[in-house]
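Trainee: Residue numbers for the sequence shown follow the numbering used here, so the first one is 97 and each next one is one higher.
Positions of the beta carbon are idealized from the N, C-alpha and C atoms, including for glycine.
This one's a predicted model, so the numbers in the text were calculated from it and none came from an experiment.
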Amino acid sequence: MCGIIGCVGRGEDTLSTLLHGLDQLEYRGYDSAGVALVGDGDLRVAKRAGKLDALKAVVGDRADLAGTVGIGHTRWSTHGPPTDGNAHPHCACAGRVAVVHNGIIENYQALRDELAADGHEFDSDTDTEVVPHLVEASLEAGRDPEAAFRDAVARLEGSFALACVVEGTEAVLVARNDSPLVLGVDDGATYLASDVPAFREFTARVVYLEDGEFARLSADGWHVADAEGTRLEKSVETVEWDAEDTGKSGYDHFMLKEIHEQPRALRQCLRGRVDELGGSVTLEELPELDLDRAHLVAAGTSYHAAIYGAELLCDVGVPATAFLSHEYATAPPPQEDATVIGVSQSGETADTLAATREARRRGAETLAITNTVGSTMARECDHVCYIRSGPEIGVAATKTFAGQQTALNLLCEYVSPGPIDRDLIAALRDLPSDVQAVLDGSDAEAVGEAYIDSDAYFFIGRALNYPVALEGALKMKEISYKHAEGFAAGELKHGTLALVTPETPVFASVIGDGELARKTVGNVKEVEARDAPVVAVTDGRSDVERYANHVLDIPETHPRAAAILANIQLQLVAYHTAAKLGRSIDKPRNLAKSVTVQ
Numbered sequence: 097m098c099g100i101i102g103c104v105g106r107g108e109d110t111l112s113t114l115l116h117g118l119d120q121l122e123y124r125g126y127d128s129a130g131v132a133l134v135g136d137g138d139l140r141v142a143k144r145a146g147k148l149d150a151l152k153a154v155v156g157d158r159a160d161l162a163g164t165v166g167i168g169h170t171r172w173s174t175h176g177p178p179t180d181g182n183a184h185p186h187c188a189c190a191g192r193v194a195v196v197h198n199g200i201i202e203n204y205q206a207l208r209d210e211l212a213a214d215g216h217e218f219d220s221d222t223d224t225e226v227v228p229h230l231v232e233a234s235l236e237a238g239r240d241p242e243a244a245f246r247d248a249v250a251r252l253e254g255s256f257a258l259a260c261v262v263e264g265t266e267a268v269l270v271a272r273n274d275s276p277l278v279l280g281v282d283d284g285a286t287y288l289a290s291d292v293p294a295f296r297e298f299t300a301r302v303v304y305l306e307d308g309e310f311a312r313l314s315a316d317g318w319h320v321a322d323a324e325g326t327r328l329e330k331s332v333e334t335v336e337w338d339a340e341d342t343g344k345s346g347y348d349h350f351m352l353k354e355i356h357e358q359p360r361a362l363r364q365c366l367r368g369r370v371d372e373l374g375g376s377v378t379l380e381e382l383p384e385l386d387l388d389r390a391h392l393v394a395a396g397t398s399y400h401a402a403i404y405g406a407e408l409l410c411d412v413g414v415p416a417t418a419f420l421s422h423e424y425a426t427a428p429p430p431q432e433d434a435t436v437i438g439v440s441q442s443g444e445t446a447d448t449l450a451a452t453r454e455a456r457r458r459g460a461e462t463l464a465i466t467n468t469v470g471s472t473m474a475r476e477c478d479h480v481c482y483i484r485s486g487p488e489i490g491v492a493a494t495k496t497f498a499g500q501q502t503a504l505n506l507l508c509e510y511v512s513p514g515p516i517d518r519d520l521i522a523a524l525r526d527l528p529s530d531v532q533a534v535l536d537g538s539d540a541e542a543v544g545e546a547y548i549d550s551d552a553y554f555f556i557g558r559a560l561n562y563p564v565a566l567e568g569a570l571k572m573k574e575i576s577y578k579h580a581e582g583f584a585a586g587e588l589k590h591g592t593l594a595l596v597t598p599e600t601p602v603f604a605s606v607i608g609d610g611e612l613a614r615k616t617v618g619n620v621k622e623v624e625a626r627d628a629p630v631v632a633v634t635d636g637r638s639d640v641e642r643y644a645n646h647v648l649d650i651p652e653t654h655p656r657a658a659a660i661l662a663n664i665q666l667q668l669v670a671y672h673t674a675a676k677l678g679r680s681i682d683k684p685r686n687l688a689k690s691v692t693v694q
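(1) Is it buried or exposed, histidine 400, if we count other Cβ atoms within 10 angstroms and call 16 or more buried?
(2) Within its chain, find whatever has a CB closer than 6 Å to the CB of tyrosine 287; leave out the 5 residues flanking it on each side and keep chain order.
(3) Quick test of the definition: if touching needs 3 or more C-beta pairs under 8 Å, does the region 524-537 touch the region 351-366?
(4) Quick one: what's valine 131 bridged to in DSSP?
(5) Quick check on the DSSP output: the beta strand (DSSP E) that includes alanine 464 runs from which residue to which?
(6) Serine 421 lies in the beta strand (DSSP E); which residues open and close that run?
(7) Give the C-beta separation of cysteine 189 and glutamate 225 to the nearest angstrom, bearing in mind that I take them to be a contact with Cβ-Cβ under 8 Å.
(8) Spatial neighbours of arginine 458 within its chain, please: C-beta separation below 8 Å, excluding the five flanking residues on both sides.
(9) Looking at aspartate 119 and leucine 161, is the spacing between their C-beta atoms short of 8 Å?
(10) In the DSSP assignment, the alpha helix (DSSP H) including tyrosine 643 goes from what residue to what residue?
(11) Return the first residue and the last residue of the alpha helix (DSSP H) that glutamate 567 is part of.
(12) Does the beta-carbon of alanine 406 have 16 or more other beta-carbons within 10 angstroms, so that it is buried, or is it exposed?
(13) May I have the straight-line CA-CA distance separating glycine 396 from valine 370, to the nearest angstrom?
(14) Compute the Euclidean distance between the alpha carbons of alanine 153 and alanine 559, then round it to the nearest angstrom.
(15) Give the DSSP bridge partners of aspartate 371, in chain order.
(16) By alpha-carbon positions, which one of Ser128, Ile489, Asp536 ends up nearest to proline 293?
(17) How close, in whole Å, do the beta carbons of glycine 582 and glycine 568 come, if the pair is a contact with beta carbons under 8 Å?
(18) Closest to alanine 150 by C-alpha separation, out of Thr170, Leu133, Gly470, would be which residue?
(19) Can you list the beta strand (DSSP E) stretches of 3 or more residues lying completely in the region 177-254, in chain order?
(20) Suppose contacts are defined by Cβ-Cβ distances below 8 Å. Is glycine 135 in contact with threonine 113 by that definition?
(21) List in chain order: all unbroken beta strand (DSSP E) runs of 3+ residues lying wholly within the region 477-549.
(22) Please determine if the region 648-663 and the region 615-627 are in contact, where contact requires at least 3 C-beta pairs separated by less than 8 Å.
(23) Chain D beta carbons: is any one of them nearer than 8 Å to that of isoleucine 355?
(24) The beta strand (DSSP E) with asparagine 273 in it runs from where to where?
(25) Which residue from Ile556, Leu373, Ala580 puts its Cα closest to that of histidine 590?
(26) Expressed to the nearest angstrom, what Euclidean distance is found between the alpha-carbon atoms of serine 638 and valine 631?
(27) With 16 other CB atoms within 10 Å as the buried threshold, where does asparagine 505 fall?
(28) Can you give me the C-alpha to C-alpha distance between tyrosine 671 and leucine 648, rounded to a whole angstrom?
(29) Mind checking which residues open and close the alpha helix (DSSP H) that includes serine 112?
(30) To which residues does DSSP link glycine 99 through a beta bridge?
(31) For leucine 279, which residues does DSSP report across the bridge?
(32) Based on DSSP bridge pairs, tell me the residues matched to phenylalanine 554.
(33) What residue from Arg144, Gly343, Asn467, His184 has the CA that sits closest to threonine 445's CA?
(34) By how many angstroms is the C-alpha of phenylalanine 256 removed from the C-alpha of alanine 250?
(35) With H, G and I counted as helix, E and B as strand and the rest as coil, what does DSSP make of glutamate 336?
(36) Around the C-beta of leucine 668, are 16 or more other C-beta atoms found within 10 angstroms, so that it is buried, or is it exposed?
See below:
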C-alpha cells in the first residue's frame with residue numbers, strides 16, 4: 097500500500113521530480129517518506145518519519161543530495177512503526193545498495209536470520225531490509241548489479257514492487273510480483289511509479305509491468321525482461337486523462353473536489369452506453385458475456401457497491417450474491433457456474449485479486465468492474481467494464497462508488513433476460529443533473545454542524561438503501577474518526593436499539609412510498625420514541641419528514657438511481673463533519689487508498 101517513484105534522465109531535476117511524484121502518491125501512504133539518488137558514482141539517501149513535508153525539510157538542508165538517477169517512497173506501515181529507521185529506502189551494510197518496496201515479503205524472517213548469521217547487520221524492523229542485503233551479498237560474490245538484483249528477487253516469497261539503485265551504476269532496477277508498477281516513457285527520460293499520477297505531468301506514454309517481469313531504466317533507455325534476463329516486447333500505451341485532473345482545482349480537499357466531480361464522472365460512465373430512444377444498454381466491451389449467475393467479490397466501499405449490484409441482479413432475475421473478497425479467496429463457496437465479478441476501484445486490491453485468481457483457478461469466468469485502465473485485475477480477468485470516473489486521489493472513495501453503482505445498473509440491464517426498464521433508462525439519463533441538484537441544494541453542512549458532538553452515528557436503510565447505510569457509516573468513520581454503524585433498518589431493533597440515545601443521531605434513507613418505505617418509517621418512529629434525533633434522506637414521497645429533526649432532500653427518481661443520490665447526501669455529511677472537526681480528510685489516519693497487501 098506504499099507509493100514508489102523513480103526516474104532517469106531528468107538531470108538536475110531528478111530530486112524535484114521524485115518529490116513531485118511522492119506528492120502525487122502520498123494517498124498510498126503517509127507514515128514516512130524517503131529518496132535515494134545516484135550521481136557521480138555516489139549513493140545518497142534521505143528519509144524521515146511523518147508526512148512528506150518532514151522529508152522536504154531535510155532535503156532542503158542537504159546540499160549533497162543530488163544525482164541523475166533516483167528512487168523515492170512514501171510508506172504505509174506494515175512491519176514496524178513509522179520511524180526514521182523504518183522509512184524507505186533501505187540500504188545494506190556497505191551503503192552501496194538502496195531499495196524501496198511495496199508489498200509483503202512473507203519469508204523475510206528466514207532470510208533475515210540467514211543473512212544475520214553471515215554477518216549482515218540490520219537497522220530496521222521492516223521486511224524490506226532483507227532485499228538490499230541480498231543484493232549486496234550477490235554483488236560481493238561477483239555478480240553484476242542487474243544479475244544480483246534478479247538473484248535477490250528469486251529468493252523472495254510474497255508480494256512486491258521493488259526498485260533498486262546501486263552505487264556506481266546509473267540505472268534503476270525494477271521488479272514486480274502482485275503489486276502494481278508502471279513505467280512512464282518520454283523522450284530522453286524514463287519514470288517508474290506505483291500509479292500513473294506520479295509522473296503524468298511529464299508524460300502520458302506508459303508501459304504496464306506484469307507479475308514476474310523486471311525492468312532496467314538508464315540514460316540509454318529502458319527494457320523489460322523475464323527472470324532469466326531475456327528481453328520482452330512491451331507495448332507503450334497512452335493515458336487519456338490530463339495531469340490537471342489530479343489537482344484540487346481550488347477545493348480545500350480532494351474529497352470535496354471528487355464529490356463535486358460526480359456529475360461529470362457519471363456522464364462519462366453513461367456516455368455511449370445508453371440509448372434512450374431505442375430503450376437499450378450497450379456495453380461494447382462485453383460482447384460475449386453470458387451471465388446466468390453471479391458472485392460479486394469486493395472489499396471496503398467496493399463491497400457496498402457489490403451488495404447493491406447483487407440486489408440489482410436478483411431483481412432482474414439473475415441469481416447473485418456479494419462476498420467479502422478476503423473471505424471468498426480462502427473459502428470460496430461452490431460456484432455453480434457463477435461468473436465471478438471483482439469490484440475494485442484501483443483494480444489492484446490484493447484481497448479482490450486473490451478472490452478472482454482463485455475463481456479462475458477453479459475454472460470460473462471472471463469480470464472486473466474497475467476504474468483503472470491497465471490495472472492488474474483489468475488485465476487478468478476474462479472481461480472488464482470500466483466505470484470511467486477519472487483519477488480519484490482522496491483516500492475515502494466517493495465518485496468511484498457512484499460510478500460503480502451506475503456501471504452495475506448498466507450491467508444489470510445489459511444482461512437482463514427480461515424487457516428493458518425504460519423508467520430506469522430515463523432516470524440514468526437524468527442522473528448527472530439530479531446529482532448536481534443535490535450538490536447545489538444540500539443542507540449537509542448544517543446537519544454536520546448540528547451533530548458534531550454526538551457520541552455515535554447510526555445509518556439505516558432497506559434493500560438498495562442498505563448498502564447506502566453501510567457506506568454512509570464507513571465514510572463517517574474513515575474521515576471524522578467518529579463511531580458510526582450502518583444497518584439494514586429492520587436489524588436496528590434486534591440489539592442495536594439498546595445503544596440509541598439522544599446523543600446518537602440516526603440517518604434514515606427512506607425512498608418512495610411503498611412497503612419498504614413504510615417499514616423504514618416504522619423504524620424511525622422506534623428511535624424517535626427514544627429521543628434519538630433523526631436525519632431523513634428522502635425524496636419526499638413518504639411522511640418520514642414528520643418524524644425527522646432534519647431532512648436531506650433528493651429528487652424523485654427511479655429507486656435504483658435514488659440510492660445513488662442518497663449516498664451523495666451522506667458523503668457530504670461525513671465531509672462537513674470531518675472538516676468542522678479539523679480532520680486530515682484526504683489522508684485519514686492509518687488508511688491508504690489502494691490496499692495492495694492482504
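Mentor: By the coordinates alone:
(1) buried
(2) Cys103, Gly280, Phe295
(3) yes
(4) Ala142, Gly168
(5) 462-466
(6) First-last for serine 421: 421-426, but that is the alpha helix (DSSP H), not the beta strand (DSSP E).
(7) Actually they do not touch by this definition, with Cβ atoms about 11 Å apart.
(8) Pro428, Gln431
(9) no
(10) Taken as a continuous stretch (DSSP letters only), tyrosine 643 belongs to no alpha helix (DSSP H), as it is neither H nor E.
(11) 561-576
(12) buried
(13) 29 Å
(14) 51 Å
(15) Ser376
(16) Ile489
(17) 6 Å
(18) Thr170
(19) 193-201
(20) no
(21) 479-482
(22) no
(23) Included in the structure is just one protein chain, with no chain D present.
(24) 265-273
(25) Ile556
(26) 14 Å
(27) buried
(28) 15 Å
(29) 110-121
(30) Thr170
(31) Leu288, Val303
(32) Glu581, Val602
(33) Asn467
(34) 12 Å
(35) coil
(36) buried
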